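Presented below is the structure to which this report refers.
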RNA sequence: UCAGUCGGCCGGACGGCCGCUCCGGCAACGGCCGAAAGGCCGCCGGGGAGGAAAGUCCGGGCUCCCUUGACAUGCGGUGCCGGAUAACGUCCGGCGGGGGUGACCCCAGGGAAAGUGCCACAGAGAUCGAACCGCUUCCCCCACCCUUCAUAGGGGUGGGGCGAGCAAGGGUGAAAAGGUGCGGUAAGAGCGCACCGCGGCUCCGGCAACGGGGCCGGCAUGGCAAACCCCACCGGGAGCAAAACCGAAUAGGGACGGCACAGCGGUCAGUUCGCGCUCGCGCGAUAACACCGCGGGGCGAUGUCAGGCCCGCCGUCCGGGUAGGUUGCUCGAGGCAGUGUGCAAACAUUGUCCCAGAGGAAUGGCCGUCACGUAUCGUUCGCCACAAGCGGGCGGUGCCCUACAGAACCCGGCUUACAGGCUGGCUGAUGAU
RNA sequence: GGCCACGUGGCGGAGUGGUUACGCAGCGGUCUGCAAAACCGUUUACUCCGGUUCAAUUCCGGACGUGGCCU
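In the working numbering, the protein residues as written are -14 to 106.
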């Protein structure tokens, strides 16, 4: 699993499907190549000072690490947008939220996109 | 003991599980790629946020641009004196002014007798000083009183007017032209005197800012320069998203080659071709270059008008350059300890250490134990006759489970934020000896 | 990360060392059968903390906030 680093990639994922949750927003997009899963994190200036933003991003990163890899699909890009609630929310509860968010994202993707784009993995 | 003041330092500790990043090792082991050199993953060892990393307010290094140097002008900054420093608006020592009983704190603290400007309202007057009320007085007029039997005359008191003198007092104001006291005068006034203040000259101390003394001047010179300005000193501009190297895709530029000939109308055309017949006339068609007219798209900071310039497709090569990558990137005016010089800031020297280098951005996530703090409950001890109250110890529980805050090229400062704790000097008050 | 600019009523927006215009909005009134429009009156402000000055929204320093540019 790679990290998303280019600005263009982030913008592309932002146009894909999205799912809101209490502490974060999950965005996802299928890529048309054979690369690995890539995930990026976005925490904007509105969420607090640099220290608080760092902490939000680290907790989100830890969530993804703990997540079962089955939840994510190969050659997809994902972006987690941090919210201020991620600073103080209970860690186990956030993990459950992330699992359900991935399931909802998958349903949304199959529904909104052309039927040819069947989920893989 | 209480209150205060000025510094210095720290800013959780230990452990478990799972991770991130950089450097080194791959001599050994496992896996993958590769013909090999070797690379990657696992593995082993080590490093991994701050006192402010912050604000970006100053000063440097470094890089590019410009001048390719010096001076002047302009613009910006600094501003008691001396020192420290690579430099500074920083720091240290001193001077002056202000505040505090004191330790100590605060001050952009050069020039207002070079010039210009401003000083609202109020007030008579706000800057080559002034005279509203007022004070004094010569003369004139009026009223009353005294003198006289009465008038005149004379004297007195009060009021008014003109002129002269004055600036004490009142009033206005942030500020009114030295202040206080005594003398002096018609009333007053530096008019005279003493002290204080101010200015000039001079002597002494000090590198200097400045301080102390003497003599002289009767006093002139209101404030604002964080208003313009004058004087002295300093400063070229931009910033690591600087800059250097490598370098896709797309568009565009240049060269070469190939393919096309491509807006419409006219001229070209008294041409050429075809047809007809009354045989020199009629009808129809007529390419390119070039020229003319009309028109389409694009271009100049904008609008209108006029004018100008440019205009197709494919391939190969060349140069610039974007995304992206690599470098810049951490050994430095470096930290710690000792010694010496100096009141100090600091400097010199010796020894020792290597101490973050990320790049949508690592240094973490989840827990446990302990310490600290705080709230509350229980218990116990001291002060007290008891109670209440105050203070302390122990235990349980809850909260915070730590404040402010996250390197982004690197240093020296300043400023701002900060739970809690440790520690040193000094001052005042009170008590005891 | 770096470099700039700006903070004036509820909103927009001038201005200046001496009691802050103007427009819209709000409130009250006149007019009207009731409204609208018009007219009259009226409430509300210089981001905060220090300094200079007799006096600061203005000048100086600091803090906080907002916006823009390089990317």
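The beta-carbon is built from N, C-alpha and C at its ideal position, and this holds for glycine as well.
Since we're looking at a predicted model, the values are computed, not measured.
Cβ-Cβ distance between residue i and residue j below 7 Å
i	j	result
residue 22	residue 79	no
residue 90	residue 9	no
residue 92	residue 61	no
residue 13	residue -11	no
residue -4	residue 86	no
residue 32	residue 40	no
residue 82	residue 29	no
residue 71	residue 44	yes
Residue i in three-state terms, based on DSSP
i	result
residue 93	helix
residue 34	coil
residue 122	Because the chain in this structure spans residues -14 to 106, residue 122 falls outside the shown range and cannot be described.
residue 75	coil
residue 8	coil
residue 47	helix
residue 80	helix
Delimiting residues of the alpha helix (DSSP H) encompassing residue i
i	result
residue -6	-8 to -1
Residue i - containing beta strand (DSSP E), residue span
i	result
residue 24	23 to 27
residue 61	61 to 67
Bridge partners - residue i, DSSP secondary structure assignment
i	result
residue 2	13
residue -12	24
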